[in-house]
Amino acid sequence: MKHLNSQRLTKTLVTDGPSLHPNTRLYTASPLPPSRTARCNALLGLDRLFKSESQSPSPQPEPNANEPELEPDFQAWLRRGGLSTQPLLLRQCGREGRGLVASRPLPRGEVMLRVPDSLLLTAERAAEESCLGPLLRTRSTVAASSSSTGSGAPSPLPLPEWSLLALLLAELRCRLAAGDRASRWDPYVAVLPQRPGTVLDWPAKEAKQLLRGSPLMRLADSINGAAASSWQELEPLIAQGRKDGLIPDHVALEKSDLDWAFGVLLSRCIRLPSRGDVQVLSPWADLLNHDVEAEAGCHLDWDPTAEVGAVSGALVLRSDRPYTAGQQVYVSYGSKSSGELLLSYGFCPPPAANPHQDYKLRLAVDRQADPLADLKVAALARHVVSDYCAAAIVMTRTEFTATRANGQDGPYLDVVGAVSERVMLSN
């Protein structure tokens, strides 16, 4: 899953960020006027990173709808699993890698993709099919007995959805590597990328060098922290399963296997609002690439009225524009900045192509030590409209140099220079 005219990181779940100080708020700053443009090492480093990963390439030819189909075994498995004939073809799409293209002209608003429930990998199915199923069922029983849900309610999940999906993915990856193809999901796991390309694939030292001093450092820490927490949650379960003889010898289930699974989930997991925000992996649908120009409503969701053969209910996508035969079709991953796309999906749109680009400033006010704290809070409230700063807060060169000299490299905009504060407060 990549972006139009994008490149993947070669070196190289969504979770809420870490808790902020009660007096800290996140704002998205409008670009500074040319005469007052502020620069710092963090921004320069990000510029280099984004440009290296998103250089506008030469125009790519449209995929050929008459080419032989890719991954024929995978597509045969999809058909056996209930995927009906659809006006989409799997093709190689230049720098974006694999993608789905229209097999015929598609008008705007047509349901062009339908995936039945039988092909959706959910946390419940992951728990049932994992080799650790007996341990997971015991956990579910204990959780159900301690909950207040009625007897007719489904048993609570033994672990978060994310962890259950990752556990099965990691197990299936290990089985495939050992030649064990007993799972019905093997054809799907076999076509997943070996390196998802998310920030979880980045060396820690390199990530700090590239993201130091930027808001993306907090996002990277949050993603890595969530993966580490999930591993800490799963490691004792895996150890118990091995002790109980539930895990075959050829299934390693090491941290590297789980990290790979977390990267797959970060870049491919779909949340379905119409099914209670359940998280799923959807073979076929996750081959759709992102387009920054796709309409906000151009996303995958569950439609209980959609029909796939004789079965009602399917994951669907409607076209947000007309497509010609052979043209790649797109979906929206959401209104995400280039930095968010880079860390969570491993690609970056071409420079200046992303209409959702922003830069989050973390502005902290120390109510105890700052005599101007109340004025600053009032000024921020007065100048913020829909989370966008109406005025730029900058530091003078002297103030910025002094801050750097004192070793305050962290969120460099947490410290706002006194001169700039007065300018802001006087507006």
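Those letters in the sequence shown? Residues 1 to 427, per the UniProt record's numbering, in order. Using N, Cα and C, we set each Cβ at its ideal position, and we do this for glycine too.
(request) Quick one: grab the DSSP three-state call for His383. (result) Here His383 carries a helix assignment [DSSP, helix/strand/coil].
(request) Specify, as a first and last residue, the run of the alpha helix (DSSP H) that Asp301 falls within. (result) Per DSSP, Asp301 lies in no alpha helix (DSSP H); the unbroken beta strand (DSSP E) holding it starts and ends at 301-308.
(request) Could you tell me which residues DSSP puts in a beta bridge with Leu237? (result) According to DSSP, Leu237 bridges with nothing at all.
(message) Buried or exposed, going by whether 16 or more other CB atoms sit within 10 Å of the CB of Gln357?
(response) It counts as buried.
(request) In the DSSP assignment, find the alpha helix (DSSP H) that holds Ser338 and state where it starts and stops. (result) Per DSSP, Ser338 is one residue of the alpha helix (DSSP H) stretching across 338-345.
(message) Could you compute how far the alpha carbon of Leu317 sits from the alpha carbon of Leu372?
(response) Cα to Cα, Leu317 sits roughly 52 Å from Leu372.
(message) Quick check on the burial criterion: 16 or more other C-beta atoms within 10 angstroms. Buried or exposed for Ser312?
(response) Here Ser312 is exposed. Its C-beta has fewer than 16 other C-beta atoms within 10 Å.
(request) Please go through the same chain and pick out, in chain order, the residues whose beta-carbon is closer than 6 Å to the beta-carbon of Leu342, but skip the five residues on each side of it. (result) Excluding sequence neighbours, Leu342 sits near Cys348.
(message) Going by DSSP in three states, Ile247 sits in which element: helix, strand or coil?
(response) Collapsing the DSSP output to three states places Ile247 in coil.
(request) Would you list the residues sitting across from Leu272 in a DSSP beta bridge? (result) DSSP output for Leu272 lists Val278 as bridge partner(s).
(request) Under 7 Å Cβ to Cβ from Arg321, same chain only, skipping five residues before and after it: list those, please. (result) Taking Arg321 as the centre and dropping the five residues before and after it, the same chain places the C-beta of Arg108 closer than 7 Å to its C-beta, in chain order.
(request) Could you check what DSSP says for Tyr188 in three-state terms: helix, strand or coil? (result) Helix at Tyr188.
(request) Could you please give the first and the last residue of the uninterrupted beta strand (DSSP E) stretch that includes Pro72? (result) Pro72 -> not in any beta strand (DSSP E); alpha helix (DSSP H) instead, spanning 72-80.
(message) Given 7 Å as the limit, tell me if Val111 has its C-beta closer than that to any heavy atom belonging to the ligand PLP.
(response) Looking for the ligand PLP in the displayed structure turns up nothing, as the structure carries no ligands at all.
(request) Can you grab the Cα-Cα spacing for the pair Leu119 / Pro283, in whole Å? (result) Put simply, the backbone Cα of Leu119 is about 7 Å away from that of Pro283.
(request) Taking only the alpha-carbon atoms, compute the straight-line gap between Gln368 and Leu192 and give it to the nearest angstrom. (result) Rounded to the nearest angstrom, the two C-alpha atoms are 52 Å apart.
(message) Buried or exposed, going by whether 16 or more other CB atoms sit within 10 Å of the CB of Thr138?
(response) Its Cβ having fewer than 16 others within 10 Å, Thr138 is exposed.
(request) For His290, count neighbouring C-beta atoms within 10 Å of its own C-beta (all shown protein chains included) and say buried if the count is 16 or more, exposed if not. (result) Residue environment for His290: buried (at least 16 other C-beta atoms within 10 angstroms of its C-beta).
(message) Assess contact between the stretch 228-243 and the stretch 291-302, defined as three or more Cβ pairs (one per stretch) separated by less than 8 Å. Is contact present?
(response) Under the 8 Å Cβ criterion, the stretch 228-243 does not count as touching the stretch 291-302, having fewer than three qualifying pairs.
(request) Report yes if the C-beta distance between Ser344 and Val329 is below 8 Å; otherwise report no. (result) Not in contact: Ser344 and Val329 (Cβ atoms no closer than 8 Å).
(message) Assuming Leu89 is part of the beta strand (DSSP E), what are its boundary residues?
(response) Annotation: the continuous beta strand (DSSP E) that includes Leu89 extends over 88-92.
(request) With DSSP as the reference, label Gln194 as helix, strand or coil. (result) Coil at Gln194, not helix or strand.
(request) Locate the alpha helix (DSSP H) running through Asp168, then write down its first and last residues. (result) Going by the sequence as given, residue 168 is Leu instead of Asp. Bounds of the alpha helix (DSSP H) holding Leu168 are 161-177.
(request) Counting only the same chain and skipping the five closest in sequence on each side, list residues whose C-beta sits under 7 Å from that of Asp180. (result) If we look at Asp180 and ignore the five residues flanking it on each side, its Cβ neighbours are His250.
(message) With a threshold of 8 Å, are at least 3 pairs of Cβ atoms found where one atom belongs to the stretch 275-282 and the other to the stretch 159-170?
(response) Flag = yes, the stretch 275-282 and the stretch 159-170 touch.
(message) At the level of alpha carbons, what is the spacing between Pro248 and Arg242?
(response) So the two alpha carbons sit approximately 8 Å from each other.
(message) Can you check which of these residues, Thr198, Gln194, Ser130, is closest to Ala166 by C-alpha distance?
(response) Ranked by Cα distance from Ala166, the first of Thr198, Gln194, Ser130 is Ser130.
(message) So the candidates are Ala226, Gln240, Leu288, Ser274; which of them puts its Cα closest to the Cα of Leu258?
(response) The shortest Cα separation from Leu258 among Ala226, Gln240, Leu288, Ser274 belongs to Ala226.
(message) Distance check for Glu254 and Ala239, CA to CA, integer angstroms please.
(response) Ala239 and Glu254 have their C-alpha atoms spaced approximately 10 Å apart.
(request) Give the range of the alpha helix (DSSP H) segment to which Leu210 is assigned. (result) Segment 204-211, the alpha helix (DSSP H) holding Leu210.
(request) Evaluate Lys205 with the Cβ neighbour count: other Cβ atoms within 10 Å of its Cβ, from every protein chain shown; 16 or more gives buried, anything less gives exposed. (result) It counts as exposed.
(message) Once the 5 residues before and after Leu223 are set aside, which same chain residues still bring their CB inside 6 Å of it?
(response) Here residue 223 turns out to be Ile, not Leu, going by the sequence shown. Excluding residues within five positions, the ones whose Cβ falls inside 6 Å are Val199.
(request) Would you kindly report the start and end of the unbroken alpha helix (DSSP H) that includes Ala102? (result) Where Ala102 is concerned, there is no enclosing alpha helix (DSSP H), although the beta strand (DSSP E) it sits in stretches over 98-102.
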